[in-house]
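Residue numbering for the sequence shown follows our numbering, beginning at 181 and increasing consecutively. Backbone N, C-alpha and C define an ideal beta-carbon position, used for all residues, glycine too. Heads up: the structure comes next, in structure tokens.
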Amino acid sequence: MSISSAMQTGVSGLYANSTAVGKISENIANANTDGYKRQFSQMVTTTASGANGNAPSGVEAVNTADVSLGGTMQSTSSPTDLAVNGNGFFVVTPSANDAVESDYMLTRAGSFKPDANGNLVNAAGYYLAGYAYKSDGTLGPVDRSGFSGMSTVNVRNASLPPAATTTISVQGNLPSQQTGLTTPGAPFTSSTAFFSPLGQSGQLQFSWQPTSTANKWTMTVSDNSGNTYGSVDIAFNDSGANAGSPVSYSNVQNLATAPAAFSLDPTTGIATLSINNGATPQSVTLKLGAPNSSSGITQFAGDFTPQTFDKDGSPSSNLSRVEVDSSGNLIGVFDNGDQKKLYQIPLGNVTNPDGLTLNNGNAYKLSTDSGAYSNQPAGTGSVGTIASKSLEASNVDIAQELSNLIVVQRAYSTDAKIVTTMDQMLSVTTQLKQ
Numbered sequence: 181m182s183i184s185s186a187m188q189t190g191v192s193g194l195y196a197n198s199t200a201v202g203k204i205s206e207n208i209a210n211a212n213t214d215g216y217k218r219q220f221s222q223m224v225t226t227t228a229s230g231a232n233g234n235a236p237s238g239v240e241a242v243n244t245a246d247v248s249l250g251g252t253m254q255s256t257s258s259p260t261d262l263a264v265n266g267n268g269f270f271v272v273t274p275s276a277n278d279a280v281e282s283d284y285m286l287t288r289a290g291s292f293k294p295d296a297n298g299n300l301v302n303a304a305g306y307y308l309a310g311y312a313y314k315s316d317g318t319l320g321p322v323d324r325s326g327f328s329g330m331s332t333v334n335v336r337n338a339s340l341p342p343a344a345t346t347t348i349s350v351q352g353n354l355p356s357q358q359t360g361l362t363t364p365g366a367p368f369t370s371s372t373a374f375f376s377p378l379g380q381s382g383q384l385q386f387s388w389q390p391t392s393t394a395n396k397w398t399m400t401v402s403d404n405s406g407n408t409y410g411s412v413d414i415a416f417n418d419s420g421a422n423a424g425s426p427v428s429y430s431n432v433q434n435l436a437t438a439p440a441a442f443s444l445d446p447t448t449g450i451a452t453l454s455i456n457n458g459a460t461p462q463s464v465t466l467k468l469g470a471p472n473s474s475s476g477i478t479q480f481a482g483d484f485t486p487q488t489f490d491k492d493g494s495p496s497s498n499l500s501r502v503e504v505d506s507s508g509n510l511i512g513v514f515d516n517g518d519q520k521k522l523y524q525i526p527l528g529n530v531t532n533p534d535g536l537t538l539n540n541g542n543a544y545k546l547s548t549d550s551g552a553y554s555n556q557p558a559g560t561g562s563v564g565t566i567a568s569k570s571l572e573a574s575n576v577d578i579a580q581e582l583s584n585l586i587v588v589q590r591a592y593s594t595d596a597k598i599v600t601t602m603d604q605m606l607s608v609t610t611q612l613k614q
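Okay, here's the thing in structure tokens:
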């Protein structure tokens with residue numbers, strides 16, 4: 181190897197080790213960056229071809245990253261701070277609802293917060309992408325092999341339309357000792373709310389009148405304005421295995437003004453109430469309890485138990501807050517207490533995470549080296565789960581980086597010594613003719 185070749189080898193070492201120092205400095209600077217993946221330079225021998233086959237060897241730094249190595253989990257208080265527990269990446273875009281599939285990227289930095297429009301965006305300015313649930317609670321057909329059909333996750337533009345009440349089930353106890361008296365006492369009363377198709381709230385009033393016949397009551401249903409829908413006599417079993425349960429329903433009276441109406445099937449204990457609150461009357465099913473069953477209204481000795489009413493229906497409601505479960509479902513909690521799945525946040529998965537191409541903002545783009553790509557629901561296949569109120573810390577080990585810095589600095593100094601030594605030898609050679 182000639183003097184100049186030896187000098188070139190030393191120069192290649194200087195360049196390679198300076199590159200390595202750069203990566204170490206990046207790691208140290210990003211030791212507290214959420215989801216940051218350690219980068220490093222691997223030294224690879226290079227040999228230039230020569231005519232006599234005796235070629236000088238040098239070194240170059242090949243940059244790579246520990247993308248597949250996860251960092252530790254850190255707890256936060258925000259439900260939209262997300263971390264991946266296992267394999268997979270969040271899918272992000274540089275702008276909200278980006279329609280260009282080549283703009284989609286992957287990241288482990290899950291510090292998502294709503295912007296002015298309610299779109300979830302992380303600290304690097306990348307918007308979280310997911311699949312929006314339809315109104316019927318399904319996703320519909322989803323292409324898991326790419327980014328089509330994805331949209332920016334929004335935590336503001338959601339509301340629940342009103343749902344009309346269709347069924348009301350009644351449970352409670354009537355005091356048996358109040359029946360069979362010569363002069364029965366005053367009726368016991370209870371009430372429940374219901375919702376119209378437009379989400380308006382109404383009241384149904386129930387009157388439970390004890391009769392002079394033992395174990396027999398008359399139930400009357402009316403609205404909160406005093407308009408009566410109808411009444412029915414209910415007799416209860418006073419002995420045997422079915423004691424306390426209804427034995428029969430009789431004397432069903434429709435007292436409503438058409439088109440309102442009241443009817444009852446004595447074989448099932450199910451009444452049908454037609455409420456005149458629109459062009460088409462609202463139909464509500466009242467479940468009082470089947471004969472010889474204690475699933476509904478009962479009669480036992482003791483106190484009157486105010487009825488509980490299990491019913492459906494709700495008014496229109498606005499989004500109160502969101503939650504994210506381990507399967508990546510973003511669930512909206514509305515101000516009426518109802519919950520609804522709004523988005524599925526999938527995890528992007530590649531066969532070789534270390535082959536992804538690094539982009540600004542701690543994000544990665546697909547490459548030929550990263551292998552096949554798929555979007556998978558969290559917790560399925562080879563991807564991990566999603567942890568809400570958590571962030572993934574950097575996978576940088578400061579102690580290791582400082583140790584590497586010492587090693588690289590020594591190597592750089594030694595390479596510099598090679599250059600100065602070759603310079604001295606070259607100087608001696610040029611003085612031989614003097």
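Check your understanding: To the nearest angstrom, how far is it from the Cα of Q322 to the Cα of S282?
Key -> Indexing the sequence shown from 1 puts residue 322 at position 142. Indexing the sequence shown from 1 puts residue 282 at position 102. A quick correction: the sequence has Val, not Gln, at residue 322. Rounded to the nearest angstrom, the two C-alpha atoms are 18 Å apart.
Check your understanding: So what's G360 in DSSP terms, helix, strand or just coil?
Key -> In the sequence shown, the residue the question calls residue 360 occupies position 180. Of the three classes helix, strand and coil, the one that applies to G360 here is coil, per DSSP.
Review point. Is V599 helix, strand or coil by DSSP?
Key: The residue you call residue 599 lines up with position 419 of the sequence shown. V599: helix per DSSP, three-state reduction.
Check your understanding: Should the stretch 566 to 584 be called in touch with the stretch 254 to 263, which here means at least 3 C-beta pairs below 8 Å?
Key -> Taking 8 Å as the limit for Cβ pairs, the verdict is that the stretch 254 to 263 does touch the stretch 566 to 584.
Review point. Name the DSSP bridge partner or partners of G512?
Key: Residue mapping note: residue 512 aligns to position 332 of the sequence shown, counting from 1. DSSP links G512 through a beta bridge to V502 and K520.
Check your understanding: Rounded C-beta distance between V513 and A200? I'm assuming under 8 Å.
Key -> For the purposes of this step, residue 513 is taken as the residue at position 333 of the sequence shown. For the purposes of this step, residue 200 is taken as the residue at position 20 of the sequence shown. With 8 Å as the limit, V513 and A200 do not qualify as a contact, their Cβ atoms being about 50 Å apart.
Practice item. Give me the Cα-Cα distance between Q611 and A186, rounded to the nearest whole angstrom. Key: As a working mapping, residue 611 is identified with position 431 in the sequence shown. As a working mapping, residue 186 is identified with position 6 in the sequence shown. Distance from the CA of Q611 to the CA of A186, rounded to the nearest whole angstrom, comes to 19 Å.
Check your understanding: Taking the C-alpha atoms as reference points, what is the distance between G320 and Y523?
Key -> The sequence position of residue 320 within the sequence shown is 140, counting from 1. The sequence position of residue 523 within the sequence shown is 343, counting from 1. The alpha-carbon of G320 is positioned some 12 Å away from that of Y523.
Check your understanding: In chain order, which alpha helix (DSSP H) runs of at least 4 residues are fully inside the stretch 319 to 364?
Key -> Fully enclosed alpha helix (DSSP H) runs of 4 or longer: not present.
Exercise for review: Using the Cα positions of T363 and E503, report the straight-line distance between them to the nearest angstrom.
Suggested key: By 1-based counting over the sequence shown, the position of residue 363 is 183. By 1-based counting over the sequence shown, the position of residue 503 is 323. Computed Cα separation, rounded: 57 Å.
**Study point:** Boundaries of the beta strand (DSSP E) in which Y429 is found, first to last residue
**Key:** Walking along the sequence shown from the start, residue 429 turns up at place 249. P426 to N434 is the extent of the beta strand (DSSP E) around Y429.
Check your understanding: In the structure shown, what three-state DSSP assignment does Q611 receive?
Key -> As a first step, residue 611 is located in the sequence shown; it is residue number 431 there, counting from the start. Q611: coil per DSSP, three-state reduction.
**Study point:** Cut-off 7 Å between Cβ atoms - residues of its own chain near V563, not counting five sequence neighbours on either side
**Key:** The sequence position of residue 563 within the sequence shown is 383, counting from 1. Within the same chain, and ignoring the five residues on either side of V563 in sequence, the residues whose Cβ sits closer than 7 Å to its Cβ are G266, N267, G268, L527, N529 and Q556.
**Study point:** Distance between D278 and G298 (C-alpha atoms, nearest Å)
**Key:** Residue 298 sits at position 118 when you count from the first residue of the sequence shown. Residue 278 sits at position 98 when you count from the first residue of the sequence shown. Those two C-alpha atoms are separated by around 16 Å.
Practice item. Look at T287 and Y306 and say whether their C-beta atoms are less than 8 Å apart. Key: In the sequence shown, counting from the first residue as 1, residue 287 sits at position 107. In the sequence shown, counting from the first residue as 1, residue 306 sits at position 126. Against a cut-off of 8 Å, the Cβ pair of Y306 and T287 comes out as a contact.
Check your understanding: Buried or exposed: where does I578 fall if 16 or more other Cβ atoms within 10 Å of its Cβ makes it buried?
Key -> Along the sequence shown, read from residue 1 onward, the residue named residue 578 stands at position 398. The residue in question, I578, is exposed, as its Cβ has fewer than 16 Cβ neighbours within 10 Å.
**Study point:** Euclidean distance between Cα positions of L499 and T400
**Key:** Your numbering for residue 499 matches position 319 in the sequence shown. Your numbering for residue 400 matches position 220 in the sequence shown. Each residue's Cα considered, the two are about 38 Å apart.
Review point. Just reading off the beta strand (DSSP E) that P390 is part of, what are its end residues?
Key: Here residue 390 refers to the residue found at position 210 when the sequence shown is read from its first residue. In the DSSP assignment, P390 falls within the unbroken beta strand (DSSP E) covering S381 to P390.
**Study point:** Segment contact, 8 Å Cβ cut-off, at least three pairs: the stretch 532 to 540 with the stretch 237 to 249
**Key:** Enough Cβ pairs lie closer than 8 Å, so yes.
Check your understanding: Going by other Cβ atoms of all chains shown within 10 Å of its Cβ, with 16 needed for buried, is I455 buried or exposed?
Key -> Counted from its first residue, the sequence shown places residue 455 at position 275. The residue is buried, with at least 16 neighbouring Cβ atoms inside 10 Å.
Check your understanding: By Cβ distance, which residues of its chain are closer than 6 Å to N353, with the 5 residues on each side in sequence left out?
Key -> Start at 1 with the first residue of the sequence shown, and residue 353 comes out as number 173. Counting only residues of its own chain and dropping the five nearest sequence neighbours on each side, N353 has a CB closer than 6 Å to the CB of T478, F480 and T485.
**Study point:** For G298, the first and last residue of its enclosing beta strand (DSSP E)
**Key:** Against the sequence shown, residue 298 aligns to sequence position 118. Careful: G298 lies outside any beta strand (DSSP E) and carries neither H nor E.
Practice item. Would you identify the three-state DSSP class for I208, choosing helix, strand or coil? Key: Position 28 of the sequence shown, counted from the first residue, corresponds to residue 208. DSSP places I208 in the helix class (H, G or I) of the three-state scheme.
Check your understanding: What do you get for G424, buried or exposed, if any count of 16 or more other CB atoms within 10 angstroms of its CB means buried?
Key -> One-based indexing of the sequence shown puts residue 424 at position 244. Residue burial annotation: G424 is buried, with at least 16 other C-beta atoms found within 10 angstroms of its C-beta.
Review point. Going straight from the alpha carbon of S370 to that of Q487, what length do you get?
Key: Here residue 370 corresponds to residue number 190 of the sequence shown, with the count starting at 1. Here residue 487 corresponds to residue number 307 of the sequence shown, with the count starting at 1. One C-alpha to the other measures close to 6 Å.
Review point. Three-state secondary structure (DSSP) at N584?
Key: As a first step, residue 584 is located in the sequence shown; it is residue number 404 there, counting from the start. N584 carries a helical assignment under DSSP once its states are collapsed to helix, strand and coil.
Point to revise | Residues that DSSP places opposite Q479 in a beta bridge | key: Indexing the sequence shown from 1 puts residue 479 at position 299. Bridge partners of Q479 according to DSSP: L354.
Exercise for review: Starting from the N-terminal side, write out each stretch of the beta strand (DSSP E) that is 3 residues or longer and does not extend beyond the stretch 526 to 584.
Suggested key: The stretch 526 to 584 contains these whole beta strand (DSSP E) runs: 527 to 530, 537 to 539, 543 to 545, 553 to 556, 565 to 568 and 570 to 572.
Practice item. Would you identify the three-state DSSP class for K396, choosing helix, strand or coil? Key: Start at 1 with the first residue of the sequence shown, and residue 396 comes out as number 216. K396 falls in the strand class under three-state DSSP.
Exercise for review: To the nearest angstrom, report how far apart Q389 and T359 are at their CA atoms.
Suggested key: Counting from one through the sequence shown, the residue named residue 389 turns up at place 209. Counting from one through the sequence shown, the residue named residue 359 turns up at place 179. C-alpha separation (whole angstroms): 9 Å.
Exercise for review: Look up V224 in the DSSP assignment and give the residues it is bridged to.
Suggested key: Start at 1 with the first residue of the sequence shown, and residue 224 comes out as number 44. For V224, which the question treats as bridged, DSSP gives the partners E240.
Review point. With 16 other CB atoms within 10 Å as the buried threshold, where does N212 fall?
Key: Walking along the sequence shown from the start, residue 212 turns up at place 32. By the 16-neighbour rule on beta-carbons within 10 angstroms, N212 is exposed.
Check your understanding: Is S428 near P495, with beta carbons less than 8 Å apart?
Key -> Taking the first residue of the sequence shown as 1, we reach residue 428 at position 248. Taking the first residue of the sequence shown as 1, we reach residue 495 at position 315. Contact flag unset, no.
Check your understanding: Excluding five sequence neighbours on each side, which residues of the same chain lie with their C-beta closer than 8 Å to the C-beta of P341?
Key -> As a position in the sequence shown, residue 341 is number 161, starting the count at 1. Excluding residues within five positions, the ones whose Cβ falls inside 8 Å are G379 and S496.
Practice item. Assign K615 to buried or exposed, taking buried as 16 or more other Cβ atoms, counted over all protein chains shown, within 10 Å of its Cβ. Key: Since the first residue of the chain shown is 181 and the last is 614, residue 615 is not available in this structure.
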